[in-house]
Amino acid sequence: MTDAAVRLGYLAETVRLLYPGPGSPRPYTVLPHTTLPRRLVPRRWWHVGAPVVVPVEGSIAAYLSEVFARPVETVLHVRPARRANRKPVLEACSEGRRLAFVKIGDSPRARELVAAEAAALRRLAGLPLATVVAPRVLHHGCWKGLGVLALTPLPVRRGRVREPLRLAAIKEIAATGGSSPAWHGDLAPWNMCSSPDGRLLVWDWERYEIGVPYGLDALHHFFQRALRRMSPQVAARACLAQSVRVLAPLGVSASEARRTALRYLIALADRHAADGHAPLGPPETWLCPVVDHEELLT
1 MTDAAVRLGY
11 LAETVRLLYP
21 GPGSPRPYTV
31 LPHTTLPRRL
41 VPRRWWHVGA
51 PVVVPVEGSI
61 AAYLSEVFAR
71 PVETVLHVRP
81 ARRANRKPVL
91 EACSEGRRLA
101 FVKIGDSPRA
111 RELVAAEAAA
121 LRRLAGLPLA
131 TVVAPRVLHH
141 GCWKGLGVLA
151 LTPLPVRRGR
161 VREPLRLAAI
171 KEIAATGGSS
181 PAWHGDLAPW
191 NMCSSPDGRL
201 LVWDWERYEI
211 GVPYGLDALH
221 HFFQRALRRM
231 SPQVAARACL
241 AQSVRVLAPL
251 GVSASEARRT
261 ALRYLIALAD
271 RHAADGHAPL
281 GPPETWLCPV
291 VDHEELLT
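In this text, residue positions in the sequence shown follow the UniProt record's numbering: the first is 1, and each later residue adds one.
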């Protein structure tokens, strides 16, 4: 089955799930959509239109209308269906104004990630961040057994993020853990952009974690960029080889940088195993050769 067929099948399932019953909005048109934060990724999201103008009884639109105490129109976005952390994302609008982006936890793993992001963003909301701008939680609840997380929309802009700004953000995110470093968990180019006031807008906080080695976000950013040009095995080798340079601006020593890079790659493999998904292939093909080579040198 082709990737497009898988996406369209998941799309049909999602429409039935969120807009059940004979009153479900029809017809829909399916178009490639390139104006979302993941526009920098080679693969595209799929955009479902037109918007649901009238909240259908028993639909997610009706639920959101109750949450926001006004009629809500919805536009549905579905990520590639083969992603372990896939989930429907809605734009909730009212009278032509975007109210929120709404993430739907439509599987046990997606519900866990939605809840984790809600907890992370609530923690960040109580901290005096000077560089990083994260979405605010407008609503976190449950609808028909699905997790629902409504977030303030961020004004996404095109353009490359300057390295000093990214490094400042990495330091500030690390400091949110207090005495133990934290990391965003997926600080890739498509999850951030600079704001007009010189700060960094950052979204997708579902992998935020406290108690990690300092500098993981910097290594993740390097590795994800490398994967766009290299095979996973070559990218993993590059991550280890370039770890000293990548972490030097953060004040990490050369020996600690290499250890941190190995811990990062192992943590990423563990994440994929927990998700039941292997986007880079089996760890034996991309991780083990790097770890084995490093052990031979020590």
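Cβ atoms here follow ideal geometry from the backbone N, Cα and C, with glycine treated the same way. Treat the numbers as computed from the prediction; the structure is a model and nothing was measured.
For residue j and residue i, the rounded distance between their alpha carbons
i    : j    : result
S195 : L129 : 14 Å
D197 : L127 : 19 Å
I210 : A182 : 4 Å
A254 : H184 : 23 Å
V252 : A218 : 11 Å
V114 : L265 : 24 Å
V148 : I104 : 5 Å
A257 : V244 : 5 Å
E95  : C142 : 25 Å
S24  : R16  : In this prediction, S24 scores a pLDDT of 47, lower than 50, which makes its location untrustworthy; the coordinate-derived value is nonetheless stated afterwards. Spanning the two alpha carbons is a distance of roughly 8 Å.
V137 : L201 : 15 Å
R166 : R160 : 10 Å
H277 : M230 : 20 Å
P283 : L262 : 13 Å
R259 : P164 : 24 Å
E66  : A267 : 40 Å
A125 : K171 : 17 Å
E295 : C288 : 10 Å
A269 : R162 : 29 Å
I173 : H293 : 32 Å
Cβ shell of residue i (< 6 Å), same chain only, five flanking positions each side left out
i    : result
V290 : A236, R237, L240
T14  : V78, P88
R157 : C193
V234 : none
L117 : The sequence shown places Glu at residue 117, not Leu. So the list reads W205, E206, once near-sequence residues are dropped.
V102 : L90, A92, A150
L250 : G215
A169 : T131, V132, L200
R70  : S94
L64  : V72, A92
A110 : K87
T176 : L127, A182
Any non-hydrogen atom of the ligand SAM closer than 8 Å to residue i Cβ
i    : result
V133 : In the structure shown, the ligand SAM is absent, as is every other ligand, since no ligand is present at all.
Nearest residue (CA-CA) to residue i, options the options
i           : options                : result
D186        : G215, R98, R166, H220  : H220
G178        : V161, Y214, P282, W205 : Y214
D204        : T152, L247, R160, F222 : T152
A134        : K144, C142, R123, W143 : R123
residue 374 : G159, E112, D292, R70  : Since the first and last residues shown for the chain are 1 and 298, residue 374 lies out of range.
P155        : R98, R70, S65          : R98
P189        : E284, K171, L227, H272 : L227
L247        : A100, A12, R109, F223  : F223
A120        : H140, S65, R70, R271   : H140
F68         : P164, R271, A100       : A100
G145        : Q242, S107, A175, A125 : S107
L76         : T176, D270, E66, Y10   : Y10
As assigned by DSSP and simplified to three states, the class of residue i
i    : result
E57  : coil
T74  : strand
G147 : strand
V234 : helix
S94  : strand
G215 : coil
G276 : coil
V252 : coil
A69  : coil
P282 : coil
L287 : coil
P108 : helix
Nonlocal neighbours in the same chain, by C-beta distance under 7 Å from residue i, ignoring five residues either side
i    : result
S180 : I210, G211
R225 : P189
N191 : P37, V202, W203, D204
Cβ neighbours of residue i in the same chain (closer than 8 Å, five flanking residues each side left out)
i    : result
T285 : P232, Q233
**Prompt:** Can you give, in chain order, each stretch of the beta strand (DSSP E) that sits fully within the stretch 122-208 and has at least 3 residues?
**Reply:** 137-143, 146-151, 192-194, 200-202
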